[in-house]
Amino acid sequence: MIPVSLVVVVVGGWTAKTLLFKNVLKHYKLFFKLNDSSVYFKHSYEDWLENNGLSISPFHIRWQTAVFNRAFYSWGRRKARILYQWFNFGMVFGVIAMFSSFFLLGKTLIQTLGQMMNIGFGSLDVSTESLGAQVCICCCFYEQVPGINLPVNQLTYFFAAVLISGVVHEIGHGIAAIREQVRFNGFGIFLFIIYPGAFVDLFTTHLQLISPVQQLRIFCAGIWHNFILALLGILVLILLPVILLPFYYTGVGVLITEVAEDSPAIGPRGLFVGDLVTHLQDCPVTNVQDWNECLDTITYEPQIGYCISASTLQQLSFPVRAYKRLDGSTECCNNHSLTDVCFSYRNNFNKRLHTCLPARKAVEATQVCRTNKDCKKSSSSSFCIIPSLETHTRLIKVKHPPQIDMLYVGHPLHLHYTVSITSFIPRFKFLSIDLPVVVETFVKYLISLSGALAIVNAVPCFALDGQWILNSFLDATLTSVIGDNDVKDLIGFFILLGGSVLLAANVTLGLWMVTAR
1 MIPVSLVVVV
11 VGGWTAKTLL
21 FKNVLKHYKL
31 FFKLNDSSVY
41 FKHSYEDWLE
51 NNGLSISPFH
61 IRWQTAVFNR
71 AFYSWGRRKA
81 RILYQWFNFG
91 MVFGVIAMFS
101 SFFLLGKTLI
111 QTLGQMMNIG
121 FGSLDVSTES
131 LGAQVCICCC
141 FYEQVPGINL
151 PVNQLTYFFA
161 AVLISGVVHE
171 IGHGIAAIRE
181 QVRFNGFGIF
191 LFIIYPGAFV
201 DLFTTHLQLI
211 SPVQQLRIFC
221 AGIWHNFILA
231 LLGILVLILL
241 PVILLPFYYT
251 GVGVLITEVA
261 EDSPAIGPRG
271 LFVGDLVTHL
281 QDCPVTNVQD
291 WNECLDTITY
301 EPQIGYCISA
311 STLQQLSFPV
321 RAYKRLDGST
331 ECCNNHSLTD
341 VCFSYRNNFN
351 KRLHTCLPAR
361 KAVEATQVCR
371 TNKDCKKSSS
381 SSFCIIPSLE
391 THTRLIKVKH
401 PPQIDMLYVG
411 HPLHLHYTVS
421 ITSFIPRFKF
431 LSIDLPVVVE
441 TFVKYLISLS
451 GALAIVNAVP
461 CFALDGQWIL
471 NSFLDATLTS
481 VIGDNDVKDL
491 IGFFILLGGS
501 VLLAANVTLG
511 LWMVTAR
């Protein structure tokens, strides 16, 4: 569900703005008498807004300027032949993306409806891939809805990426228009509710007079530039270790950048910011990907055991009474100690026994095992003791030298979600451990949002770039085949109607799934 606080803040803020500007400033003239040769500000509120390129309406603020016109004309008239080929590539990409997005919408909708009918609304469990496609199509972002499932501490990344993606999109339209001799009136940005964006103002008459192919180059330029921006983001992400090599090194472990206050990893022998983790159990960790893969392996595979000599086992164990938990697992530590753990093992007669042992003494400086055979290699009188824990609980030995190993008991996902890490280790003490994380996170948002903006705007839907791409494409291809413009317009209308219906259906299902989870 959408938090009430978010609705109150957004609606309240826009209401206050409306009351302030519309009901107060509108009725008072902005004029101040300075002296005998004073200047009177006799313009009304509306005149002042118009002179400054501002337009304010409920839940929408828009600003337009001609300050950047010279820069746009300089870009649009430079390297004419290269730009011609560049926007030709963009035109081909735009047409392919338009038809591809149409089929993507249909495929996503069919898959989602099939899942809903197979398992019912009450127990809907949609895969991340399917849900990501849904939300990308309907909201221009991948599972990122401010106030619902987007972390508050990442709002800056989100809105900055949205604005940059929009600006790059419109720069593409503007340069292409100037390249095709269409008059460029200005550039602007806007804020709609809480989402920022950008736009360009082109002279409509010029746009209507040029050929359909020229129009295609202009209309496809926005999504083409978004696609290129996403590719550049991927390239930066891949080359980030090389880019940061003079200041940060990688490949030796993961650095702890944050531990949540409610994390089970907090404690005197827990994890701290700046710790370098090298192993999870016997799984080596050299980067973030290794960390995630190791946790997945630990989660889905049976609990690993530890070799212990028969003499040590006899020395540490004491008589216990084992009993079954509700989930069917066995508990044998009755003193509710935070340091003792129930272990199971098979004796020399292959009989399963349980014993309560002090966890750290039992598992420290020992090799891991699955059966007693794994321990016979080092000592003939050794047993493989396996923690007897609840179904989804694991005992994990976390190595973070030079500190003593952390023994974590809990669900591996809790460790995944409450501990933030990075693969980049600073070469110098004055360098921030957060800088690579900031860059990496922002680039990931930029890739997702710029790519999503390209996909959504390519859809043949009313009011999107896809509408104008489709119209120009039909004008360029069907004019010589179909002489009657009414028939051609009717074909375009039904394609747009189909795309709009598919998009609306995906929007509805996507938002419903995000808010209902």
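The sequence shown begins at 1 in UniProt numbering and counts up one residue at a time. Think of the CB as a built atom: it goes at the ideal place given N, C-alpha and C, for glycine as much as any other residue. Please read all numbers here as calculations on a predicted model, not as lab measurements.
query                                                                                                                             : result
Identity of the residue in Ser337, Arg346 and Glu390 nearest Leu326 by Cα                                                         : Glu390
Cutoff 7 Å; reference Arg427; Cβ partners in own chain excluding five residues on either side                                     : Phe247, Tyr248 and Tyr249
Same chain only: Cβ atoms within 6 Å of His206, ignoring 5 sequence neighbours per side                                           : Val182 and Arg183
Alpha carbon of Ala161 to alpha carbon of Arg352, nearest angstrom                                                                : 57 Å
Bounding residues of the beta strand (DSSP E) (the contiguous stretch that carries Ala260)                                        : Note, Ala260: premise wrong, no beta strand (DSSP E); not H, not E.
8 Å contact criterion, which Trp63 and Ile189 should meet: CB distance rounded                                                    : 6 Å
Exposed unless 16 or more other CB atoms sit within 10 angstroms - verdict on Val459                                              : buried
Uninterrupted alpha helix (DSSP H) stretches inside the segment 52–123 (no shorter than 4 residues)                               : 69–76 and 80–119
Alpha carbon of Gly499 to alpha carbon of Ile56, nearest angstrom                                                                 : 31 Å
Beta-carbon spacing of Asn457, Gly174 below 8 Å                                                                                   : no
Secondary structure of Ala452, DSSP reduced to three states                                                                       : helix
Inter-residue Cα distance where the pair is Ile178 and Val438                                                                     : 36 Å
Spatial neighbours of Gly492 in its chain, beta-carbon cut-off 8 Å, leaving aside the 5 residues before and after                 : Leu470, Asn471 and Leu474
Bounding residues of the beta strand (DSSP E) (the contiguous stretch that carries Ser309)                                        : Gly305 to Ser309
Thr508, DSSP secondary structure in three states                                                                                  : helix
For Leu502, the three-state DSSP class (helix, strand or coil)                                                                    : helix
Between the CA atoms of Phe187 and Leu446 - distance to the nearest angstrom                                                      : 21 Å
Length of the line joining the Cα atoms of Gln154 and Gly483                                                                      : 54 Å
Nearest-angstrom Cβ-Cβ length linking Leu276 and Leu255, presumed shorter than 8 Å                                                : 6 Å
Which of helix, strand or coil DSSP assigns to Asp296                                                                             : helix
Backbone secondary structure at Ile404 - three-state DSSP                                                                         : coil
Helix, strand or coil at His392 according to DSSP, with G and I counted as helix                                                  : coil
Which residues DSSP lists as bridging Ile385, in chain order                                                                      : Tyr306
Contacts around Gly328, its chain only, beta-carbon distance under 6 Å, and the 5 residues preceding and following it disregarded : none
Identity of the residue in Val320, Ala71, Leu338 and Thr278 nearest Thr355 by Cα                                                  : Val320
At least 3 beta-carbon pairs within less than 8 Å: the segment 221–239 vs the segment 84–99                                       : yes
Sequence-distant residues of the same chain with beta carbon closer than 7 Å to Ile298, five excluded per side                    : Leu280, Gln281, Arg394, Ile396 and Pro412
Contact between the segment 192–201 and the segment 162–170 (3+ Cβ pairs under 8 Å)                                               : yes
Pick from Ser211, Thr339 and Thr418 that is closest to Ile266, judged by C-alpha positions                                        : Thr418
Phe506 burial status per 10 Å Cβ neighbour count (16 or more: buried)                                                             : In the sequence as displayed, the identity of residue 506 is Asn instead of Phe. Counting Cβ neighbours within 10 Å, Asn506 comes out buried, since at least 16 surround it.
Run of the alpha helix (DSSP H) containing Cys220, from where it starts to where it stops                                         : Pro212 to Ile243
Among Phe349, Cys384 and Lys373, nearest to Thr366 - alpha-carbon criterion                                                       : Cys384
Whether Gly410 touches Pro264 by CB criterion (8 Å)                                                                               : yes
Beta-bridge pairing of Ser420 - partner residues as DSSP gives them                                                               : Glu258
The segment 229–244 in contact with the segment 448–457 per 3-pair CB rule at 8 Å                                                 : yes
Rounded separation between Ala504 and Leu338 - CA only                                                                            : 54 Å
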